[in-house]
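Worksheet: one structure, shown below.
Residue numbers (our numbering): 1149 to 1598.
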């Protein structure tokens, strides 16, 4: 190597920007070092379902709803009340005898009682029964709301996972582009030394190396940010290091008609409207209980006694024994309150029916739109795959021609950029198509089954 070439390359290697390039390449290579945890999307979903904070909160809401729908909160069990009391009364006074003497005679009197009472509603116009059904339906609604949170979180996770996978591929693409540009810069330095090209070609090569290094640095930073975001969604330590799986497979969910049919049966929003409608129907039945009498069973055991030493004839007494009976109550006229509740309950049923119909049409539209978007994404994926094959062939041919001196550096750089863009576009199209598939499955209600 001549002294001039050594000086040219030495100046480049000593520049601050080239030092940055070396650091970037070393850092980017370290990201893919052996020994890192390889996290599949299935592993990431398992971690998310177990540790994600939104899902944990949703599980607590379901737990509260489960407690509310317990038989202990239904009114079906009797109530038992125990009471007891003890009272002490103190009396002070003076007694005068026949000979005129006075005597001080303090006395105390005692009262005590105890009882155990049982009350059980035998019939309340079926209000208790329908209130209990409402509680169970509210539990079902809370489960559906939790499922919706889980589905949204799984989609959020998948989007974050695919973004990290795409950025991982972009880093690899840019590392390869930087390696090509660095080799081209060295070749340009040789050519300039031997008079085969001008200094402009060398400077252009240096500019291209600088641009590629900056792109690699920025993309590497985006990859690190994506890794932290994914760790947050999975509910684990933010700085946990890992790599993701960049392989993707597609599975067609079904035809448009099949997906719409599945959505009517399984879509979580439609299921929620159905559950809300059932709950409104139970509320109507419960509101009608005010028109019926209520019958209760009462039973108990009572004990009462007293002790009064100063009594004239009786110094104490007590009594005890069981008691039982029935209570009938009928609110013949409550000022129209029950009638108003009944009318409002009927209006609520009509409102829920309107919301149900609106939701079904909206979901049908969303399913059809998502199906079209998925088909379009698959078409773009296949088109970008064909473009990538063409770009690879074009670059390989351009590389041979450039080495033979049949094309200039600008034409070679354009072929290199075409290859890099084709690689990035193919990567983006691949993950975009998979994400569209998952959104379609969510609308059809089969995302978690997948």
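Cβ atoms here follow ideal geometry from the backbone N, Cα and C, with glycine treated the same way.
Per the coordinates, the alpha-carbon of residue 1448 lies some 20 Å from the alpha-carbon of residue 1477. Annotation: residue 1232 to residue 1260 spans about 8 Å, alpha carbon to alpha carbon. Residue pairing by DSSP places residue 1475 opposite 1444 in a beta bridge. Less than 9 Å separates the beta-carbon of residue 1408 from that of residue 1512. Counting only residues of its own chain and dropping the five nearest sequence neighbours on each side, residue 1303 has a CB closer than 7 Å to the CB of 1586, 1587, 1590. With fewer than 16 neighbouring CB atoms inside 10 Å of its own CB, residue 1274 falls in the exposed class. If you draw a 10 Å sphere on the C-beta of residue 1472, you find fewer than 16 other C-beta atoms in it, and that means exposed. Counting only the Cα atoms, residue 1423 lies some 11 Å from residue 1291. Spanning the alpha carbons of residue 1221 and residue 1433 requires a straight line of approximately 19 Å.
By the neighbour-count criterion, in which 16 or more other beta carbons inside 10 Å mark a residue as buried, residue 1441 falls on the exposed side. Scanning its chain for C-beta atoms nearer than 8 Å, with the 5 sequence neighbours on each side dropped, one finds around residue 1380 the residues 1386, in chain order. About 50 Å separates the CB atoms of residue 1502 and residue 1186; that is not less than 8 Å, and the two are not in contact. In this structure, residue 1396 and residue 1533 do not form a Cβ contact; the two beta carbons are roughly 12 Å apart against a cut-off of 8 Å. With fewer than 16 other beta carbons inside 10 angstroms of its own, residue 1559 counts as exposed. Counting C-beta atoms within 10 angstroms of its own C-beta, residue 1527 has fewer than 16 neighbours from the protein chains shown and is therefore classed as exposed. Cβ contact annotation for residue 1557 (same chain, cutoff 8 Å, sequence separation greater than five): 1332, 1336, 1345, 1349, 1352, 1353, 1550, in chain order. In the DSSP annotation of this structure, the continuous segment of the alpha helix (DSSP H) that includes residue 1311 starts and ends at 1275-1341. One thing to note: residue 1360 has its Cβ no nearer than 9 Å to the Cβ of residue 1184. Between the stretch 1297-1316 and the stretch 1185-1203, the count of Cβ pairs shorter than 8 Å is three or higher; the stretches touch.
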